[in-house]
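Structure, as structure tokens:
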Amino acid sequence: MSTSRLRRVAVLVLEGAKPLDVGIPAQVFTTRASMPYEVRVCGAEPGTVTGGDGLSYAVAHGLEALAWADIVFVPGYRFPDRDDPPPSVVDALVAAHDRGARLAAISTGAFALAATGLLDGRRATTHWHYTRRLAAKYPQIQVDENVLFVDEGKVLTSAGAASGIDLCLHLLRRDLGVAASNHAARRLVAAPYRSGGQAQYVPRSVPEPLGERFAATREWALHRLDRPLTLDALAEHAAVSPRTFSRRFAEDTGYTPMQWVMRARIDLARELLERSERSVEQIAADVGLGTGSNLRLHFQRILGTTPIQYRRTFARGE
Numbered sequence: 001m002s003t004s005r006l007r008r009v010a011v012l013v014l015e016g017a018k019p020l021d022v023g024i025p026a027q028v029f030t031t032r033a034s035m036p037y038e039v040r041v042c043g044a045e046p047g048t049v050t051g052g053d054g055l056s057y058a059v060a061h062g063l064e065a066l067a068w069a070d071i072v073f074v075p076g077y078r079f080p081d082r083d084d085p086p087p088s089v090v091d092a093l094v095a096a097h098d099r100g101a102r103l104a105a106i107s108t109g110a111f112a113l114a115a116t117g118l119l120d121g122r123r124a125t126t127h128w129h130y131t132r133r134l135a136a137k138y139p140q141i142q143v144d145e146n147v148l149f150v151d152e153g154k155v156l157t158s159a160g161a162a163s164g165i166d167l168c169l170h171l172l173r174r175d176l177g178v179a180a181s182n183h184a185a186r187r188l189v190a191a192p193y194r195s196g197g198q199a200q201y202v203p204r205s206v207p208e209p210l211g212e213r214f215a216a217t218r219e220w221a222l223h224r225l226d227r228p229l230t231l232d233a234l235a236e237h238a239a240v241s242p243r244t245f246s247r248r249f250a251e252d253t254g255y256t257p258m259q260w261v262m263r264a265r266i267d268l269a270r271e272l273l274e275r276s277e278r279s280v281e282q283i284a285a286d287v288g289l290g291t292g293s294n295l296r297l298h299f300q301r302i303l304g305t306t307p308i309q310y311r312r313t314f315a316r317g318e
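107 is the number that the UniProt record's numbering gives to position 107 of the sequence shown; each next residue is one higher, with no gaps.
Structural data, given as structure tokens:
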């Protein structure tokens, strides 16, 4: 792989950094044949950074890595509402943003981005335990406590550590397409895609077995996208009423059942456009949308582009 084509990722380790938050982007974007990225782990300066949970980090790079990177991840750290990042870190984050880098916070890393002022007037999230504290400390931010991640273009934030995986996969989908994102998810043994609008946690009143049953229904549906899938059929598979299924499905995924089915069909169409030479009409039949015109309609509505334009952008080997 030519290093001139690698996208550059910096993972900024602050005092008290949480190990899982640091490890997620470092592992997801690790350089390999399917992943055209180069990762550098950095700190306010090179050397040892004291982390959270009894760990420390030996970082080889300082803030110059932020001037090098296309994407800067800010992992969560302990006591974010008490300890502001050093002014040098704030200045480096602002400079990275100003020259066009994307800044992505995992969990309480949102506090470091908030200190830059770059989240003012924007939507953002963080771990549910800290959302009210983030809103109190930075009232100019529109804090959303009921989502897994928020994409504001050049500035992104996510909830607790596991949602950092969702955020990374979301960025992969934007950069490389759905096939690469799904490949990475399989490597990580993670869910291929969870909506950013999905709730951070399920209310305790929801019985766990029902959640498992709904997951099985989603898996069942994914293997039948070329066939008719109605609300009644999905609810019947889950052995609940359509009304219960609709309400609980939205809580689980952030989508209504039929919105989810449509997006699953579009995702499958995206992968077929990326990895096969099948025509738009053939792909429309493969994913249960019937005709090419129907596929084009929903593709434009959901993705803002056409199947042919999408194929030109993400087709394998281009």
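Glycine is no exception: its CB is placed at the ideal position from the N, C-alpha and C atoms.
Is it the case that the Cβ atoms of residue i and residue j are separated by a distance below 7 Å?
i: ALA69; j: ALA110; result: no
i: THR125; j: ALA159; result: yes
i: LEU172; j: ALA180; result: yes
i: ASP286; j: ASP226; result: yes
i: LEU113; j: ALA92; result: no
i: ASP120; j: LEU148; result: no
i: TYR77; j: GLY16; result: yes
i: ASP21; j: PRO75; result: yes
i: PRO25; j: ASP53; result: no
i: ASP144; j: ARG122; result: no
i: VAL28; j: VAL59; result: no
i: residue 322; j: SER246; result: The structure shown does not extend to residue 322, since the chain is modelled only from 1 to 318, so the question has no answer here.
i: LEU118; j: HIS97; result: yes
i: ARG102; j: ILE141; result: no
i: LEU273; j: ARG311; result: yes
Roughly how many angstroms separate the alpha carbons of residue i and residue j, rounded to a whole number?
i: ARG204; j: LEU169; result: With a pLDDT of 37 at ARG204, under the threshold of 50, the modelled position of that residue is not reliable, and no figure is offered here.
i: LEU134; j: ASP81; result: 7 Å
i: ALA33; j: ALA104; result: 24 Å
i: GLU219; j: GLN282; result: 23 Å
i: ILE308; j: ARG7; result: 25 Å
i: ILE266; j: ILE302; result: 8 Å
i: TYR138; j: PRO46; result: 30 Å
i: GLY83; j: HIS127; result: The identity of residue 83 in the sequence shown is Asp, whereas the question assumes Gly. Between ASP83 and HIS127, the C-alpha separation is close to 17 Å.
i: THR217; j: HIS223; result: 10 Å
i: GLN200; j: ASN146; result: Note on GLN200: pLDDT 47, under 50, position unreliable in the model; the coordinate value appears next. Going by the C-alpha atoms only, they are around 6 Å apart.
i: VAL49; j: VAL41; result: 11 Å
i: ALA190; j: GLY290; result: 31 Å
i: ARG187; j: ILE106; result: 20 Å
i: PHE299; j: ALA238; result: 28 Å
i: GLY153; j: ARG278; result: 32 Å
i: PRO242; j: LEU297; result: 27 Å
In the DSSP assignment, what residue or residues form a beta bridge with residue i?
i: PHE73; result: VAL11, ALA104
i: VAL39; result: VAL9
i: THR50; result: SER56
i: THR157; result: ALA105, VAL150
i: HIS61; result: CYS42
i: ALA17; result: TYR77
i: ARG143; result: Here the sequence assigns Val to residue 143, which means Arg is not the residue at that position. Answer is ALA124, bridged to VAL143.
i: ASP32; result: Reading off the sequence, residue 32 comes out as Arg, not Asp. Its beta-bridge partners are MET35.
Between the Cα of residue i and those of the options, spot the shortest distance and give me the residue it belongs to.
i: GLU271; options: ARG224, GLU281, HIS183, TRP260; result: HIS183
i: VAL94; options: ASN146, VAL155, ASP83, ASN294; result: VAL155
i: ALA284; options: GLU274, LEU295, GLU277; result: LEU295
i: ALA315; options: SER276, GLU145, VAL28; result: SER276
i: ALA215; options: THR244, VAL178, ARG247, THR253; result: THR253
i: VAL39; options: PRO46, GLY51, PHE73; result: PHE73
i: TRP260; options: SER241, ARG312, LEU234; result: LEU234
i: ARG213; options: VAL178, LEU176, GLU236; result: GLU236
i: THR306; options: GLY290, LEU289, GLY288, VAL280; result: VAL280
i: VAL90; options: GLY43, ALA238, HIS61; result: GLY43
i: LEU55; options: HIS61, PRO36, GLY23; result: GLY23
i: PRO36; options: GLY304, ASP175, ARG278, ALA185; result: ASP175
i: PHE79; options: THR108, PRO242, TYR57; result: THR108
i: ALA264; options: GLY288, GLU251, ALA250, PRO242; result: GLY288
i: THR157; options: ALA136, VAL178, GLY177, THR131; result: THR131
Would you say residue i lies against chain D (beta-carbon separation less than 7 Å)?
i: THR230; result: The structure shown contains no chain D, having only a single protein chain.
- Could you name each continuous beta strand (DSSP E) segment of 3 residues or more that falls completely within the stretch 96 to 141, going from the start of the chain to the end? 102 to 105
- Could you pull out every unbroken beta strand (DSSP E) segment of at least 3 residues lying fully inside the stretch 254 to 284, listed in chain order? none
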